[in-house]
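Student:
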Amino acid sequence: MTAPDTKTLQTRHGPMLALAGDRYVTASLEAYGEFSHVEWMLLGQLVKPGMVVVEAGANIGAHSVALARACAPGPLYLFEPQQRVFQILCANLVLNGITNAVAFPEACGEAEGLVRLPSVDYAAGGNFGGVSVAADVEGPAAPGTRVRVRALDSLDLPACHLIKVDVEGFEAQVIRGAAQTIARFRPVLYLENDRPTGQQELISLVAGLGYDLYWHTPPLFHPENFRGNAVNLFPGVGSVNMLCLPSENGHTVQGPQRIDPQNWTSPVTRTG
Numbered sequence: 344m345t346a347p348d349t350k351t352l353q354t355r356h357g358p359m360l361a362l363a364g365d366r367y368v369t370a371s372l373e374a375y376g377e378f379s380h381v382e383w384m385l386l387g388q389l390v391k392p393g394m395v396v397v398e399a400g401a402n403i404g405a406h407s408v409a410l411a412r413a414c415a416p417g418p419l420y421l422f423e424p425q426q427r428v429f430q431i432l433c434a435n436l437v438l439n440g441i442t443n444a445v446a447f448p449e450a451c452g453e454a455e456g457l458v459r460l461p462s463v464d465y466a467a468g469g470n471f472g473g474v475s476v477a478a479d480v481e482g483p484a485a486p487g488t489r490v491r492v493r494a495l496d497s498l499d500l501p502a503c504h505l506i507k508v509d510v511e512g513f514e515a516q517v518i519r520g521a522a523q524t525i526a527r528f529r530p531v532l533y534l535e536n537d538r539p540t541g542q543q544e545l546i547s548l549v550a551g552l553g554y555d556l557y558w559h560t561p562p563l564f565h566p567e568n569f570r571g572n573a574v575n576l577f578p579g580v581g582s583v584n585m586l587c588l589p590s591e592n593g594h595t596v597q598g599p600q601r602i603d604p605q606n607w608t609s610p611v612t613r614t615g
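So in this note's numbering, spot 164 of the sequence shown is number 507, and the numbers just go up one at a time.
#1: Count the other CB atoms, across all protein chains shown, that sit within 10 Å of the CB of Ala454; report buried if there are 16 or more and exposed otherwise.
#2: Which residues in the same chain have their Cβ closer than 6 Å to the Cβ of His356, if we skip the five residues on either side of it in sequence?
#3: Can you give me the Cβ contacts of Ala401 inside the same chain, cut-off strictly under 8 Å, excluding the 5 residues immediately before and after it?
#4: Between which two residues does the beta strand (DSSP E) carrying Gln425 extend?
#5: According to DSSP, is Tyr375 part of a helix, a strand, or is it coil?
#6: Tell me which residue opens and which closes the alpha helix (DSSP H) that Leu410 is part of.
#7: Could you compute how far the alpha carbon of Ala484 sits from the alpha carbon of Ala550?
#8: For Gln597, which three-state DSSP category applies?
#9: Does Ile403 come out as helix, strand or coil in the three-state DSSP assignment?
#10: Within 10 angstroms of the Cβ of Gln426, are there 16 or more other Cβ atoms? Answer buried if so, exposed if not.
#11: From the DSSP secondary-structure annotation, give me the bridge partner or partners of Phe447.
#12: Taking the alpha-carbon positions, what's the Leu563 to Gly571 distance?
#13: Are the CB atoms of Leu362 and Thr351 within a distance shorter than 8 Å?
#14: Could you name the residues of the same chain whose beta carbon sits closer than 8 Å to that of Leu552, not counting the 5 residues immediately before and after it, in chain order?
#15: Counting only the same chain and skipping the five closest in sequence on each side, list residues whose C-beta sits under 7 Å from that of Pro589.
#16: How many Å lie between Gln600 and Ile546 at the Cα?
#17: Quick check on Met384: buried or exposed, where buried means 16 or more other Cβ atoms within 10 Å of its Cβ?
#18: Helix, strand or coil for Asn606 per DSSP?
Given below as structure tokens:
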């Protein structure tokens, strides 16, 4: 039996439980049987069997299921601080027979602590992937839900090949909390960077870690989608992400625009 605030959809990556009122993730899964498939097309090239992958901000698992299959038998570590969204994420892992994922109902950040999530009515419509955390500075009586913050370095991973971060403006804190992991393993980083007030901070931070940065702006609509739906419900809407590669490795990147940390312009596409 499906809860009133959810629906079950058949998608490119298998059956997915989704929040009925979500205007981006669920609307895309319903109309196209996929969410931001152009983003997955890049991620699918980066992940190989046996890799260790981290996804901070997994949402309901629209990419997590495919990531887990791609890196198996390697582990996929998932973080999703919204309780209801986390429940659906776990359900989708089970529905699709994923056994190599480790999911945490927590936020990622710079250090251990607490953050606050605003109260959300999941039965109403909204962009539930756009919910942002805030520092817990008002005490336990303040409105909203307090959730634990974990630094990625605290996982003490045996290896790490890819870190994907989509945490609504909290990306720099996640990277600072993963500094030791990044220094030790030099993973590929795939980071959302769509907030004008924080773009320079994140660019400077990651470049300072010895990475080459590239804009990647996948549109939400993919013409060759799973359902063969030619109607673009999201004209001009997509994500503003950065593909970050260790400078010492040497690489050839075709397509994405190289970011000069000292002289850059931001793409205009953004979901939300």
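Glycine included, every Cβ here is placed at the ideal spot set by N, Cα and C. These figures come from a predicted structure and were not determined experimentally.
Tutor: On the basis of the data shown:
#1: exposed
#2: Val408 and Ala409
#3: Ser407, Leu421, Phe422, Glu423, Leu432 and Ala446
#4: From DSSP, Gln425 is part of no beta strand (DSSP E); its letter is neither H nor E.
#5: helix
#6: Ser407 to Cys414
#7: At Ala484 the pLDDT is 48, less than 50, meaning the model places this residue with poor confidence; the figure from the coordinates comes in the next sentence. One C-alpha to the other measures close to 40 Å.
#8: coil
#9: coil
#10: exposed
#11: Phe422
#12: 15 Å
#13: no
#14: Ile518, Ala522, Ile525 and Ala526
#15: Arg529, Gly553 and Tyr554
#16: 14 Å
#17: exposed
#18: coil
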